[in-house]
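What follows is the structure, given as structure tokens:
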């Protein structure tokens with residue numbers, strides 16, 4: 046993987062709103078203090094963001110409202126132009142593209158899902174999904190048949206002739222997802238896709254999303270304000286505050302080692318068993334030989350196997366991807382995770 | 094003491110009190126001029142005769158004021174003399190103006206954060222503000238001084254109408270001439286290019302109208318007029334050359350074809366309901382013998398409406414794309430929508446002449462502004478995410494506009510189309526003043542002959558055309574495509590085929606009709622066409638009704654009328670005229686200040702000043718008196734009726750339907766019954782105005798009360814409020830901002846009708862506009878008069894909008 050170039054690469058990206066943002070930025074010499082800019086009538090949206098997203102990886106950008114997370118996403122999709130810095134899409138300099146090339150890029154490589162669904166009210170489900178294809182110039186027949194596939198994929202079969210206003214929120218967002226996937230993009234942007242939905246529907250849509258991702262394996266940039274959603278879905282999470290990326294790491298590491306006080310506040314109430322994998326609580330295989338018959342995978346979330354492990358008085362062997370035993374996990378450890386005492390955990394992690 | 098406390102807690106009330114006290118003090122100070130100003134124009138006449146001075150000098154003014162007497166320039170604003178800076182400026186003025194400007198600039202510099210960039214950021218403001226400063230300092234302040242206390246030597250402002258008139262004449266006949274071949278004198282003659290241009294526009298519109306007209310009713314007659322369009326322009330005698338050819342005598346389409354077509358089109362677009370509506374409307378037109386004028390009107394609307402929609406969408410899109418266009422266009426639209434229709438007619442008359450094309454152009458000018466506004470509104474309301482979604486789907490600019498933005502804004506744009514159609518038909522009557530043929534012209538004739546029944550039938554025709562066109566265009570825009578139907582050619586085109594079949598069937602019918610009706614006395618082929626006024630009519634019935642009303646109630650009405658005129662209207666009119674100008678300014682600007690602060694006061698002041706500077710101030714006062722009376726009565730009736738009706742669901746539905754119908758009805762119709770009952774007096778006009786202007790307050794009251802959140806009503810019920818308490822304490826306060834928008838509409842509607850009322854004789858601004866129109870049109874006077882009316886409307890509009898916005902913010906509604 047490492048020799049491959051990242052699909053998205055951001056190199057100290059700034060986005061500052063205001064009249065003479067560019068001049069101010071030049072004068073600041075790379076050190077942007079939000080308050081100073083505010084005094085001059087500028088608002089700092091994104092402040093020195095640098096990161097990479099690899100192929101097939103899902104990066105979740107998490108932050109509260111006004112943290113600049115959506116602005117960052119808009120910079121990378123070039124819905125707004127970044128004030129400074131470089132953005133590379135598969136090695137191509139995004140900011141150097143002219144409008145024609147940008148349109149080509151969007152038509153072929155990018156798909157985006159929006160918070161309020163952003164469906165075209167005058168088109169049916171089918172027409173909405175076929176829209177990117179028709180814009181691209183596909184024939185009506187091709188685009189409609191492709192759109193029908195997408196309707197099946199997101200489970201809206203039978204509703205293709207409905208108008209958006211006749212659908213529930215969850216169904217509308219399924220249309221949004223189908224539309225963004227219709228051109229088979231490599232990069233998939235999701236801007237708070239589930240925020241406008243009820244909690245139950247949100248959970249259902251997250252599951253649906255994970256199922257889709259397992260099938261499609263896209264490179265994903267996902268923006269959310271919901272920390273639980275972030276750690277549930279992400280390969281890696283970037284936590285933003287006031288335009289600055291506070292921490293960018295795997296969900297487990299963020300929960301275990303919050304980099305700043307701000308991040309720690311989010312992690313406080315997170316149930317660890319939902320984030321941590323067996324790998325992080327297992328012990329090396331010692332002298333014991335009296336193993337349980339149960340076997341667990343090292344990548345399994347503690348939550349999913351806790352009941353089985355707890356019900357077993359003996360230590361449970363842990364397997365890696367190749368079915369080799371790499372360690373054991375004991376019920377006492379699981380109890381620690383479930384009911385507290387972080388210190389013991391961290392020393393073993 | 095407690096009284097002072099009470100007032101200091103209510104600053105607005107105190108301010109209002111002060112304004113009113115000052116107002117009445119000023120009212121009492123007219124003194125020796127009182128008898129002159131209560132009679133319209135007497136003051137101006139006395140000035141002309143030299144009996145009184147139009148303005149007094151500074152010292153004299155002061156002594157007059159000390160003697161409880163307003164100086165003449167404050168009683169009636171004198172003709173304005175623009176101050177000529179080069180001749181009259183003293184060094185002091187220049188110095189003060191420059192110092193003030195420099196001080197403001199220095200203040201801006203001292204307060205700026207980034208001093209090194211101050212110039213590059215603010216250069217535009219510096220130049221514009223400096224410019225304004227110099228104008229105000231050098232021109233405005235000295236002019237004001239000169240105007241109030243100096244000597245009046247010449248009047249510039251009163252000459253503006255003449256200047257405009259001369260300018261338009263110059264533009265048409267002397268500017269940028271070019272030789273044009275004139276076949277009649279067989280020589281070249283100099284024509285103004287502007288005139289050629291406007292004539293070309295007129296001719297092309299006329300061509301389109303005549304083309305449609307020929308298809309619908311024309312036959313040979315319209316071929317002649319069509320050919321005339323060409324021969325006028327080029328001298329090519331097409332008709333003479335082709336007299337014997339078969340196509341010079343094509344008959345028109347029989348009405349049966351069009352009626353069947355309406356049935357089919359309605360069915361194809363929406364279904365049985367629309368099919369029946371469209372079809373029976375056509376049958377109504379034909380049976381009542383209004384087929385010909387209806388088709389004339391239709392041909393005009395079918396040209397004017399699409400042009401208006403197209404222009405509206407184009408300008409709306411341009412305004413959406415460019416801030417500059419938006420900024421320029423917004424105030425123009427505001428004025429255009431409050432100008433009375435008649436004042437549009439005068440420039441159209443001058444630039445485009447008389448005829449159907451002039452009617453179409455006036456209609457287009459009138460119908461386009463709402464379309465622009467609604468297009469812009471709709472485009473602005475498109476959610477930014479939808480725009481983003483379009484961009485991320487890879488739309489280029491063209492696709493973004495036509496596939497994403499405009500369709501998404503469709504709701505508002507369709508409301509715009511509806512407005513255009515309604516405006517077009519509202520203009521039908523008014524356009525007939527400048528030569529548009531059709532229903533409007535006939536309606537006008539019926540009005541002149543006081544034929545209620547016929548006018549009513551014609552009114553219904555106009556409403557039916559409006560409704561059918563509106564519904565058809567709506568259904569057309571909402572049509573869906575079915576992607577999966579796999580149909581054969583016949584199935585796909587069955588409606589078209591049906592129409593072709595019907596077409597030939599109807600032709601056959603018409604052909605047979607030749608023999609069928611040949612023996613009857615009149616010899617009219619009813620299967621081909623029903624000539625004008627040869628259909629059935631319900632006129633005798635209506636006439637009998639009106640006769641009955643008149644004979645039964647005449648005496649009572651006469652007493653009421655006399656009482657109203659003598660006890661209410663005439664004193665009110667006299668007291669309006671008795672206001673010295675300065676008192677009017679104090680009152681209006683004071684109210685402006687209380688509602689919207691100093692900014693509103695200045696805006697209102699400028700509107701009023703414009704009117705006061707024209708020669709028509711007294712006429713404007715009369716218009717204002719009628720406006721006040723009509724609006725107060727309409728609002729009281731409207732809110733009460735609305736509040737009662739909203740208590741019951743069925744009554745709500747009914748009253749909204751009544752509102753819709755009354756609004757589409759050509760407003761002229763209201764004039765007939767009231768003239769018959771009340772004679773040609775202010776009462777007639779006011780009653781017609783109230784009938785028309787009561788619609789918006791009723792509608793907005795119903796809407797406002799209906800939109801009060803259910804939870805608040807329940808909260809009221811649970812607090813133990815009675816139905817009346819709930820209405821007074823919860824529903825009305827919350828619905829009030831919305832109701833005020835209804836009042837705003839009521840003002841616009843009233844103004845519109847008061848101007849039309851001039852048609853039966855009022856002495857306000859409307860009469861003056863009519864005179865300008867009938868005397869061949871002085872473009873300048875017409876425009877300035879139109880602006881006066883528009884500014885009255887805009888001043889009220891400004892006050893109510895400011896108030897409603899503030900109030901809404903306070904209540905936290907949207």
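Residue numbers (my numbering), protein chains in the order written: chain V, 46 to 394; chain D, 94 to 907. Every residue gets a Cβ at the ideal spot worked out from N, C-alpha and C, and that includes glycine.
Under the three-state reduction of DSSP, residue 312(V) is assigned to helix. When the beta-carbon positions are compared, residue 379(D) and residue 417(D) stay at least 8 Å from each other. Taking the Cα of residue 141(D) as reference, the smallest distance to any Cα among 795(D), 708(D), 506(D) and 838(D) is reached at 708(D). Cα atoms of residue 198(V) and residue 187(V): separation of roughly 17 Å, rounded to the nearest angstrom. Listed along the chain, the chain D residues whose CB falls inside 9 Å of the CB of residue 155(V) are 485 and 487.
For residue 481(D), the chain V residues whose C-beta falls within less than 9 Å of its own C-beta are 119, 122, 124, 157, 159, 163 and 236, listed in chain order. Secondary structure note for residue 363(D): it is in no alpha helix (DSSP H), with a DSSP letter that is neither H nor E. According to the DSSP assignment, residue 186(V) belongs to the alpha helix (DSSP H) that extends over 185 to 198.
Across the set 824(D), 391(D), 846(D) and 654(D), the C-alpha of 654(D) shows the shortest separation from the C-alpha of residue 771(D). Of the other Cβ atoms in all chains shown, 16 or more fall within 10 Å of the Cβ of residue 173(V); this residue is therefore buried. Among the bridge pairs identified by DSSP, residue 131(V) is matched with 56(V).
Per DSSP, reduced to three states, the secondary structure at residue 371(V) is strand. Looking at 299(D), 479(D) and 805(D), the one whose alpha-carbon comes closest to that of residue 451(D) is 299(D).
The alpha carbon of residue 427(D) has as its nearest neighbour, out of 411(D), 269(D) and 462(D), the alpha carbon of 462(D). Looking at the DSSP output, residue 292(V) bridges to 284(V). The beta-carbon of residue 191(V) is placed no less than 8 Å from the nearest beta-carbon of chain D.
From the beta-carbon of residue 166(V), the residues of chain D found nearer than 9 Å are 479, 500, 501, 503 and 504.
Look at the region 213 to 226 of chain V: the residues with a C-beta under 9 Å from a C-beta of chain D are 221, 224 and 225. A direct Cα-Cα distance of roughly 14 Å separates residue 375(D) from residue 550(D). Taking a Cβ-Cβ threshold of 8 Å, none of the residues of chain V is close to residue 363(D); the smallest such distance is about 16 Å. Taking the C-beta atoms as reference points, residue 842(D) is found nearer than 8 Å to residue 789(D). Collapsing the DSSP output to three states places residue 233(V) in a strand. For residue 127(D), same chain residues with a beta-carbon under 8 Å away, outside a window of 5 residues either side, are 671 in chain order.
The continuous beta strand (DSSP E) containing residue 364(V) extends over residues 361 to 364.
Counting along the chain, the unbroken beta strand (DSSP E) around residue 269(V) starts and ends at 264 to 269. Residue 784(D) is classed as buried because its beta carbon has at least 16 other beta carbons within 10 Å across all chains shown. Selection 481(D), 680(D) and 531(D) evaluated against residue 114(D) yields 680(D) as nearest (Cα-Cα). For the pair of segments examined, the region 259 to 274 of chain D was found not to touch the region 885 to 903 of chain D: the number of CB pairs separated by less than 8 Å stays below three. Distances from the alpha-carbon of residue 382(V) to those of 331(V), 369(V) and 348(V) put 348(V) closest. For the pair residue 858(D) and residue 848(D), the CB atoms are nearer than the 8 Å cut-off. For residue 298(V), the nearest beta carbon of chain D is not closer than 8 Å to its own beta carbon. Chain V places no beta carbon closer than 8 Å to that of residue 218(D), leaving this residue out of the contacts. Taking a Cβ-Cβ threshold of 9 Å, the residues of chain V close to residue 210(D) are 65 and 68, in chain order.
By the C-beta density criterion, residue 99(D) is exposed, having fewer than 16 other C-beta atoms within 10 angstroms.
Here residue 292(V) is actually not in contact with residue 274(V); their C-beta atoms are around 17 Å apart, not less than 8 Å.
With a threshold of 16 other beta carbon atoms within 10 Å, residue 269(D) falls short and is exposed.
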